[in-house]
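S.K.: Here the protein sequences line up with chains A and B, keeping their order. Take the first sequence: its position 124, counting from 1, is numbered 124 in the UniProt record's numbering, and each next residue is one higher. Take the second sequence: its position 25, counting from 1, is numbered 25 in the UniProt record's numbering, and each next residue is one higher. Yeah, the Cβ is synthetic: ideal placement off N, Cα and C, and Gly gets one too. Attaching a single structure in structure tokens format; questions to follow.
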Amino acid sequence: MHWKLTATAAGVAMLASSGLANAAGELNIYNWGNYTSPELIKKFEEAHDVKVTLTDYDSNDTALAKVRQGGHGFDIVVPSASVIPIWIREDLLLETNPNEMENFKNVADRWKDVPFDPGRKYTVPWQWGTVGLSVNTADYKGDINTSAIFLDPPAELEGKINVIPEMADVMHLAITYLGGEPCTSDRTILRQVRDKLLEAKPKWISMNYGNIEAMTKRDFLATVNWNGASLRMREQDPNIKYGYPKEGYPIWMDNVAVLKDARNVENAKLFMNFIMDPENAAMISDFAKYANGIDGSEEFMPANMSDAPEIVVPEELQAAGTFALTCPEEARNLYTAIWTELQK
Amino acid sequence: MASAAETARKAERDDIRKRWLLSAPALLIIFFAAAGPLGIVIVYSFLEPGSYGDVRWSFSTDAWVSVVLQRDIFDETLSIADAHVAIFWRSVTLSLATTVFAFIFGFPTAYFIATRPERTRALWLFLITIPFWTNLLIRTFAIQEVIRNEGLFNIVLLKLGLISTPIQIIYTDTAIMIGMIYVYLPLMVLPLYASMEKLDFRLVEAGYDLYATRFQVLRRIILPMVKPGIVAGSILVFIPSLGAYVTPRILGGGRNLMLGNLIELQFGQGRNWPLGASLSITLLIIVLAALLIYIRYAGTGARNHG
């Protein structure tokens with residue numbers, strides 16, 4: 001690592017002497033795959049003279065496991081609200097107090113003080129959305145606002161269904177489908193959940209992330225999905241519609257946080273403040289097609305986003321959504337056990 | 001006064017010491033780079049899993065028990081871990097099938113190359129090795145583009161009117177096998193070619209002179225003489241297939257796991273490092289067993305023809 005330090009020092013010295021930006025250097029962002037707007041990164045690099053390196057992960061578990069091992073070299077991570085209390089408790093995040101940053105005033109009231117990070121001491125909003133079902137309505141004409149699509153699949157979709165391997169979301173859908181409360185540790189319900197999932201699995205074709213291309217190329221006809229990804233699918237194939245399971249579905253928020261062992265803390269803080277600017281937040285949404293939780297960003301977004309059925313939840317289905325929080329440890333252990341059994 | 005025997009013994013001791021000192025760097029590297037990490041894997045397999053990955057430092061044989069047995073989440077009864085058994089079985093059968101098909105495709109290829117004029121052989125071998133220069137991931141994605149529902153293969157069949165709906169190949173065991181055959185074929189062709197190159201084709205001619213049919217020549221003359229190449233090629237294909245990770249991950253759709261994916265699952269989402277470690281060692285044992293069989297067969301092959 002020595003040569004790296006020397007190189008960075010030399011770089012900083014050179015830039016300082018030439019009187020360029022104060023934040024010259026690097027920023028290593030660890031974010032979900034296919035989720036970060038390249039234009040946003042470019043704008044940040046130019047505005048603050050920072051070289052940004054982006055690395056992908058595919059699940060909250062992968063990110064947590066990798067960061068806990070140390071030696072990762074990342075500065076910024078974007079975990080979901082449901083796991084942020086774990087990140088804080090495991091002492092992985094740096095208290096950057098974004099609530100005192102200049103652009104914090106732009107955060108929508110709903111997201112200013114949140115249960116997963118009281119007072120916003122560690123995190124700022126990245127994007128938020130729902131988990132539901134994307135269905136190719138050219139092949140299936142029935143009701144798509146139900147988890148039966150993947151748990152009791154109609155004949156047309158059998159063997160043509162993908163399920164994202166995101167434990168918390170799939171468990172949430174399955175538990176509410178069988179009439180339980182999210183985060184329940186009621187063993188009677190959970191036994192039914194396990195049996196239902198194991199019974200449904202042979203009717204799925206895959207358990208994959210990164211489905212936009214696979215769905216538009218008809219590798220499968222339905223998938224458990226995030227709303228923004230579904231919107232991106234519809235842009236390529238108008239038949240792909242998004243369903244909100246009436247039995248219950250999770251609402252989530254991914255949040256930008258700075259890691260405790262970050263090497264570029266100042267740049268990371270600059271980035272936090274940067275993305276709370278409405279114009280920049282709009283760039284995030286424009287790429288990944290989720291709402292961002294920043295007031296005033298709508299006017300910078302393309303018109304077809306503000307009334308998209310993937311973003312605006314129909315009134316009669318609003319009550320079915322629950323914000324996903326960290327489940328108690330007992331419930332989580334049971335879910336992991338069920339999940340492991342399912343994935344094998 | 002030292003006797004001649006003592007002097008000789010001293011010289012021998014010095015000699016031994018010198019030999020140890022000279023080989024010390026190599027031994028240290030082998031110890032720290034090979035045995036060391038393996039030791040960590042073995043130690044981890046006897047620990048308890050931490051809550052979010054990692055391990056808790058208390059002794060437990062749970063991981064080893066759960067390689068073969070599973071405890072029901074709700075009524076705590078023990079039964080055979082049929083999921084693990086299924087994945088082991090899939091890995092072994094898919095790898096065997098891959099080996100057989102790689103042989104079926106590789107043997108004629110190697111024979112073709114070995115029977116070309118000497119100066120053009122290099123070109124043919126070069127063509128075989130070209131795919132090796134391309135990243136494994138890219139080759140796998142290329143296969144995906146060919147076999148997916150709107151891929152080349154299905155579109156051609158649809159256009160020809162041979163099928164009316166696409167054949168579902170992607171995300172099945174067949175897809176994994178196709179991918180592995182494609183990726184590992186050169187590993188079969190090269191050793192086969194190496195032993196065929198040494199084949200004395202006068203013996204083949206002699207066989208024909210003595211009224212042997214083509215099949216008899218193949219079975220009684222060519223196959224026995226290239227046996228070391230067949231065994232080496234089969235092992236070279238079988239072992240990496242058994243531990244394959246990328247191909248089943250992409251072409252299998254995350255639902256049809258192979259051993260490599262099962263192990264990765266334990267270190268990632270499964271958050272059960274001890275189980276991952278014990279599964280890794282189990283895989284190692286299977287590979288060692290395959291290698292022992294190889295040594296045995298290759299050994300007899302060398303005796304017959306060496």
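Going along chain B in order, which residues have a C-beta closer than 8 Å to the C-beta of Ser285(A)?
M.R.: Here the question's residue 285(A) lines up with position 285 in the first sequence. Near Ser285(A) there are no residues of chain B at all, since even the closest Cβ is about 28 Å away, more than 8 Å.
S.K.: Consult DSSP for Asp61(A) and reduce its assignment to one of helix, strand or coil.
M.R.: Within the first sequence, residue 61(A) is the residue found at index 61, counting from 1. Asp61(A) falls in the helix class under three-state DSSP.
S.K.: Just to make sure I have the definition right: I need the residues of chain B whose C-beta is within less than 8 Å of the C-beta of Gln343(A). Which are they?
M.R.: Walking along the first sequence from the start, residue 343(A) turns up at place 343. Those within 8 Å of Gln343(A) in chain B are Leu257, Leu265, Gln269 and Gly270.
S.K.: Where does Thr96(A) fall in DSSP's three states?
M.R.: Here residue 96(A) is taken as the residue at index 96 of the first sequence, counted from 1. Note: Thr96(A) maps to coil in three-state DSSP.
S.K.: Can you give the Cα-Cα distance for Gly270(B) and Thr340(A), rounded to whole angstroms?
M.R.: For the purposes of this step, residue 270(B) is identified with residue 270 of the second sequence, where counting begins at 1. For the purposes of this step, residue 340(A) is identified with residue 340 of the first sequence, where counting begins at 1. C-alpha separation (whole angstroms): 6 Å.
S.K.: Thinking just about the alpha-carbon of each residue, which of Thr140(B), Phe74(B) and Phe201(B) is nearest to the one in Arg249(B)?
M.R.: Walking along the second sequence from the start, residue 249(B) turns up at place 249. The shortest C-alpha separation from Arg249(B) is found at Thr140(B).
S.K.: Check the Cβ of Ala122(B) against every Cβ in chain A and list those closer than 9 Å, keeping chain order.
M.R.: The residue given as residue 122(B) occupies position 122 in the second sequence. Within 9 Å Cβ-Cβ: nothing; Ala122(B) doesn't reach chain A, min ~40 Å.
S.K.: Under 9 Å Cβ-Cβ, which residues of chain B neighbour Arg194(A)?
M.R.: The count along the first sequence starts at 1 and reaches residue 194(A) at position 194. The contacting residues are Ile73 and Phe74.
S.K.: Quick check: Pro309(A) and Asp286(A), are their CB atoms within less than 8 Å of each other?
M.R.: By one-based count along the first sequence, residue 309(A) stands at place 309. By one-based count along the first sequence, residue 286(A) stands at place 286. No, they are not a contact pair.
S.K.: Taking buried to mean at least 16 other C-beta atoms within 10 Å of its own C-beta, is Asn22(A) buried or exposed?
M.R.: On the first sequence, position 22 is the one that residue 22(A) refers to. With a pLDDT of only 46 at Asn22(A), under 50, the local geometry of the prediction cannot be trusted, and the value read off the model is given with reservation. Answer is exposed; the Cβ neighbour count stays below 16.
S.K.: Which parts of the stretch 141–225 of chain A are runs of the alpha helix (DSSP H), unbroken and 4 residues or longer, counting only runs that do not cross its ends?
M.R.: The qualifying runs are 148–151, 167–177, 187–200 and 212–216.
S.K.: Quick check on residue 357(A): does DSSP put it in helix, strand or coil?
M.R.: Beyond the ends of chain A as shown, which are 1 and 344, falls residue 357(A); an answer cannot be given.
S.K.: Which class does Arg263(A) belong to by DSSP, given the choice of helix, strand or coil?
M.R.: Taking the first residue of the first sequence as 1, we reach residue 263(A) at position 263. Looking at Arg263(A) - three-state DSSP - the assignment turns out to be coil, as it is neither helix nor strand.
S.K.: Residue range of the alpha helix (DSSP H) that Met196(B) falls in?
M.R.: By 1-based counting over the second sequence, the position of residue 196(B) is 196. Element bounds for Met196(B): Asp173 to Glu197.
S.K.: What are the boundary residues of the beta strand (DSSP E) that includes Pro118(A)?
M.R.: Stepping through the first sequence from its first residue, residue 118(A) is reached at position 118. Segment: none, Pro118(A) is in no beta strand (DSSP E) and carries neither H nor E.
S.K.: Using only the alpha-carbon positions, how far apart do Ala81(A) and Ala324(A) sit?
M.R.: What you label residue 81(A) is simply residue 81 of the first sequence in a count that begins at 1. What you label residue 324(A) is simply residue 324 of the first sequence in a count that begins at 1. Rounded to the nearest angstrom, the two C-alpha atoms are 7 Å apart.
S.K.: Can you give me the C-alpha to C-alpha distance between Leu342(A) and Ile176(B), rounded to a whole angstrom?
M.R.: The residue you call residue 342(A) lines up with position 342 of the first sequence. The residue you call residue 176(B) lines up with position 176 of the second sequence. Their backbone Cα atoms lie some 20 Å apart in a straight line.
S.K.: Mind reading off the beta-carbon distance from Phe46(B) to Ser66(B)? Whole number of angstroms is fine, and I expect it under 8 Å.
M.R.: The count along the second sequence starts at 1 and reaches residue 46(B) at position 46. The count along the second sequence starts at 1 and reaches residue 66(B) at position 66. Rounded, the Cβ-Cβ distance is 13 Å, inconsistent with contact.
S.K.: Could you tell me which residues DSSP pairs with Val258(A) in its beta bridges?
M.R.: Taking the first sequence and counting its residues from 1, the one referred to as residue 258(A) is at position 258. According to DSSP, Val258(A) bridges with Ile76(A).
S.K.: Specify, as a first and last residue, the run of the alpha helix (DSSP H) that Tyr335(A) falls within.
M.R.: Numbered from 1 along the first sequence, position 335 holds the residue referred to as residue 335(A). Counting along the chain, the alpha helix (DSSP H) containing Tyr335(A) begins and ends at Glu329 to Gln343.
S.K.: Just to check my reading of the structure: residue 351(B) and Leu283(B) have Cβ atoms closer than 8 Å, yes? What is that Cβ distance to the nearest angstrom?
M.R.: This structure cannot settle anything about residue 351(B), because the visible part of chain B is limited to 1 through 306.
S.K.: With DSSP as the reference, identify every bridge partner of Glu26(A), one or two as the case may be.
M.R.: The sequence position of residue 26(A) within the first sequence is 26, counting from 1. Note: Glu26(A) sits in a beta bridge opposite Lys51(A).
S.K.: So, using beta-carbon positions, are Leu151(A) and Leu334(A) closer together than 8 Å?
M.R.: As a working mapping, residue 151(A) is identified with position 151 in the first sequence. As a working mapping, residue 334(A) is identified with position 334 in the first sequence. No.
S.K.: Is it right to say Pro38(A) is buried, meaning 16 or more other beta carbons lie within 10 angstroms of its own, or is it exposed?
M.R.: Walking along the first sequence from the start, residue 38(A) turns up at place 38. Counting Cβ neighbours within 10 Å, Pro38(A) comes out exposed, since fewer than 16 surround it.
S.K.: Just the Cα atoms here: how many angstroms apart are Trp89(B) and Ile42(B)?
M.R.: On the second sequence, position 89 is the one that residue 89(B) refers to. On the second sequence, position 42 is the one that residue 42(B) refers to. So the two alpha carbons sit approximately 23 Å from each other.
S.K.: How about Lys42(A): is its C-beta nearer than 8 Å to some C-beta of chain B?
M.R.: Residue mapping note: residue 42(A) aligns to position 42 of the first sequence, counting from 1. So, not an interface residue.
S.K.: Could you give the first and the last residue of the continuous beta strand (DSSP E) run that contains Ile143(B)?
M.R.: Here residue 143(B) refers to the residue found at position 143 of the second sequence. Note, Ile143(B): premise wrong, no beta strand (DSSP E); alpha helix (DSSP H) at Leu136 to Ile147.
S.K.: Closer than 6 Å by C-beta to Gly50(B): which residues in its own chain qualify, once you throw out the five before and the five after it? Chain order, please.
M.R.: By 1-based counting over the second sequence, the position of residue 50(B) is 50. Within the same chain, Gly50(B) has close Cβ partners Arg56.
S.K.: Helix, strand or coil: how does DSSP classify Ala7(A) here?
M.R.: As a working mapping, residue 7(A) is identified with position 7 in the first sequence. Caution applies to Ala7(A), whose pLDDT of 48 falls short of 50 and renders its modelled position unreliable; the value that the coordinates give is listed next. Ala7(A) falls in the helix class under three-state DSSP.
S.K.: Have a look at Ala97(B) and Phe238(B) and give me their C-alpha separation to the nearest angstrom.
M.R.: Position 97 of the second sequence holds residue 97(B). Position 238 of the second sequence holds residue 238(B). So the two alpha carbons sit approximately 9 Å from each other.
S.K.: Taking the alpha helix (DSSP H) that Lys159(B) belongs to, which residues open and close that run?
M.R.: Against the second sequence, residue 159(B) aligns to sequence position 159. Its alpha helix (DSSP H) spans residues Leu152 to Lys159.
S.K.: Where does Glu90(A) fall in DSSP's three states?
M.R.: Taking the first residue of the first sequence as position 1, residue 90(A) is located at position 90. Of the three classes helix, strand and coil, the one that applies to Glu90(A) here is coil, per DSSP.
S.K.: For Phe215(B), count the other beta carbons within 10 Å of its own beta carbon; 16 or more makes it buried, fewer makes it exposed. Which is it?
M.R.: Working through the second sequence from its first residue, we reach residue 215(B) at position 215. Result: exposed.
S.K.: In this structure, does DSSP put Gln69(A) in helix, strand or coil?
M.R.: Locating residue 69(A) in the first sequence gives position 69, counting from the first residue. Helix, per DSSP.
S.K.: Using C-beta distances below 7 Å, list every residue in its chain close to Lys160(A), excluding the 5 sequence neighbours before and after it, in chain order.
M.R.: Here residue 160(A) corresponds to residue number 160 of the first sequence, with the count starting at 1. Answer for Lys160(A): Ile205, Phe220, Leu221 and Ala222, listed in chain order.
S.K.: Indicate the three-state DSSP secondary structure (helix, strand or coil) for Arg56(B) in the structure shown.
M.R.: The sequence position of residue 56(B) within the second sequence is 56, counting from 1. Arg56(B) falls in the strand class under three-state DSSP.
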